[in-house]
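The block underneath contains the structure these notes are about, expressed in structure tokens.
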Amino acid sequence: MSYALYQPIELSFRGENALPVIATAPFTVRLRHSDGDEVTIAGFWDGDRDYRARFLPEKSGSWSWAVEDARTALDRVEGSVEVGAAEGHGPVRVAHTFHFAHADGTPFRPVGGTAYNWLHQEEPLYSDTIASFVEARFNKLRFMVFPQAGGSVEHSPELMPFEKTDSRWDVTRPVPEFFQRLDGAVRALGEAGIEADVLILNAYDRGVFGLNELSEEEDAIYARYLVARLAAFPNVWWSLCNEYDQLLRPEERWDRLGQLIADIDPSQHPRSIHNWVHIFDNNRPWVTHASIQNGFATEQPGRARIYRDAYYKPIVLDEIKYEGNAEARWGQLSGEELVDRFWNVTIEGCYASHGESFETESGSLQIVEGGKLRGSSPARIGFLRGILDDLVVPGLDPIDKWDDPELGVGWGRKQYLIYFGRTAPASWRVRIPISHYMSEAPEEGDRFVIDIIDTWNMTITRAGEVEIDEVHRDYAFAGTEPIALPEGEAIAVRITRTDLI
């Protein structure tokens, strides 16, 4: 049987015994490619005497496999698989320092959203969440493995991740049906083209379920089981926790957990941890990108880019306040305000996540239970995703990050983007900032196409071609006649070298 490149391969086994889940995997599988490359993956228990091992191939061709270190006799111990043409682009990883790309090199620009308790909802909320994300063109969903408790939570699931021993959750006895549901959720998101940003631990238990009381050793047992189950899905991202500092655990404990995930994940998916008040030290080597809550940093341009210089990693503002009608100050943005924040983040060379806090029929919030999106921002944020997907460069970086009053971003001598905010001027003279640390700058005679982007009305208007005729130390200009803009509207301009279109 031939399998597709970048799609999970599952090996199923029948064991002689049903073993408890402990820090040591019930067995490992060593896979060897015909060219000599090797990968080792951990097997996992999946109920009764059923065991599985999942592998994400990133190279086509012949792979042989052999079971090692089995703690129970299995019904087969070796075999081979053939991996053919690719389906999809493979897992996402960091590219060009501040950006992301799939394993095959295709750029990935996260334009995601949040529904914390989505995994634990019944129909139609469960399916409506995916459908709404697809309609909005969102490509990443942040959700929790453990159920959420506290404010705005109107549904408590019956299905829990572990059984109990002596009235305490027993991580050595995971509930297969729970984790099979999680498998299905990640798989469904992948089929819809959505990355699954998996929040491993939960800061919102508050003693309601007691899953916040796991010891560090129990965290590790659970994490190893989780990674064994999910790491073969190409669309997985790991986040240790949302608002991790609400759990009041030492940062060294979080650091050890993050390093464990990095050590045991054979696919090396993106890894992060999300803050409440205290921002984690995202310079830690296991952190692949900074996942940050800071609404203030997105209110105006010129702020979020500071995080790039602090961490030299991709910056994802995963919580920037929400469009909605919640009583809390974080849930009262208008659609115009949230869309403006997304564009502010974009011209900082960073990325953002959507959130919606309209009260739902159950009395909950969309960011808690998921379901249909109601606001005016999702369509406009999806439009922004289209702009990002159409880039002809790997990503957008600030050009003159300290002194350019227009805060232009782009990629030297290839493509640029300038955002005038929610009230554009009546006209604009074509002026491209020049960086003194990028390798290339516009030269006289370079020709660029100018597109006027109405970020709210979702239109792109071709304003024509221009030729660079003045190059100074800090700016390059094209002619003296300004280009007319829709005055007072929320406008950006895209500047692309003609030979790249």
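If you're matching positions, the sequence shown starts at 1 in UniProt numbering and goes up one per residue.
Positions of the beta carbon are idealized from the N, C-alpha and C atoms, including for glycine.
Keep in mind the model is a prediction, meaning the values are calculated, not measured.
Note down, in chain order, each residue of its chain lying with its Cβ closer than 6 angstroms to the Cβ of R320, except the 5 sequence neighbours on either side.
Per the sequence presented here, residue 320 reads as Ile, with Arg not at that position. Here the set comprises G295, T298, R341, A352.
What does the Cβ neighbour count give for Q415, buried or exposed, with the cut at 16 atoms within 10 Å?
buried
Report the three-state DSSP secondary structure of F342 (helix, strand or coil).
Three-state DSSP puts F342 in a helix.
Could you check the C-alpha separation between E38 and V83 for me, to the nearest Å?
15 angstroms
Hey, is A73 close to the ligand COA, as in C-beta under 7 angstroms from one of its heavy atoms?
By its list of ligands, the structure shown contains no ligand whatsoever, and the ligand COA lies outside what it can speak to.
Helix, strand or coil for G371, going by three-state DSSP, please let me know.
coil
Could you tell me how far apart the beta carbons of residue 523 and A42 are, in whole angstroms, since I believe they sit closer than 8 angstroms?
Absent from the structure is residue 523, since the part of the chain shown begins at 1 and ends at 501.
Have a look at E10, D469, A463, N235 and flag the residue whose alpha-carbon is nearest the alpha-carbon of L485.
A463
Locate the alpha helix (DSSP H) running through F448, then write down its first and last residues.
First-last for F448: 447-454, but that is the beta strand (DSSP E), not the alpha helix (DSSP H).
Helix, strand or coil: how does DSSP classify T129 here?
In the three-state DSSP reduction, T129 falls in the helix class (H, G or I).
Within 10 Å of its beta-carbon, does P124 have 16 or more other beta-carbons around it, so buried, or fewer, so exposed?
exposed
Can the beta-carbon of I315 be found closer than 8 angstroms to that of A290?
yes
Within 10 angstroms of the Cβ of I9, are there 16 or more other Cβ atoms? Answer buried if so, exposed if not.
buried
Beta-carbon within less than 6 angstroms of H155's beta-carbon, same chain only, minus the 5 sequence neighbours each way: which residues are those?
none
Per DSSP, what kind of secondary structure is L260 in: helix, strand or coil?
helix
Under the three-state reduction of DSSP, which class applies to Q180: helix, strand or coil?
When DSSP states are grouped into helix, strand and coil, Q180 belongs to the helix group.
In the DSSP assignment, find the beta strand (DSSP E) that holds I41 and state where it starts and stops.
38-42
Please classify D35: is it buried, with 16 or more other beta-carbons within 10 angstroms of its beta-carbon, or exposed?
exposed
Name the one or two DSSP bridge partners that H269 has.
Note: H269 sits in no beta bridge, so no partner.
So who's on the other strand from T496, going by DSSP bridges?
Answer is Q415, V449.
Where does T298 fall in DSSP's three states?
helix
With burial defined as no fewer than 16 other Cβ atoms inside 10 Å of the residue's Cβ, what is the status of H472: buried or exposed?
Burial call: exposed.
How is H33 classed by DSSP in three states: helix, strand or coil?
strand
Does M1 pass the burial test, meaning 16 or more other C-beta atoms within 10 Å, or should it be called exposed?
exposed
Quick check: the region 188-203 against the region 230-247, are at least 3 beta-carbon pairs closer than 8 angstroms?
yes
May I have the straight-line CA-CA distance separating D404 from R431, to the nearest angstrom?
10 angstroms
Would you report the Cα separation of K401 and L407, rounded to the nearest angstrom?
7 angstroms
Please list the terminal residues of the continuous alpha helix (DSSP H) segment that includes E217.
Its alpha helix (DSSP H) spans residues 216-230.
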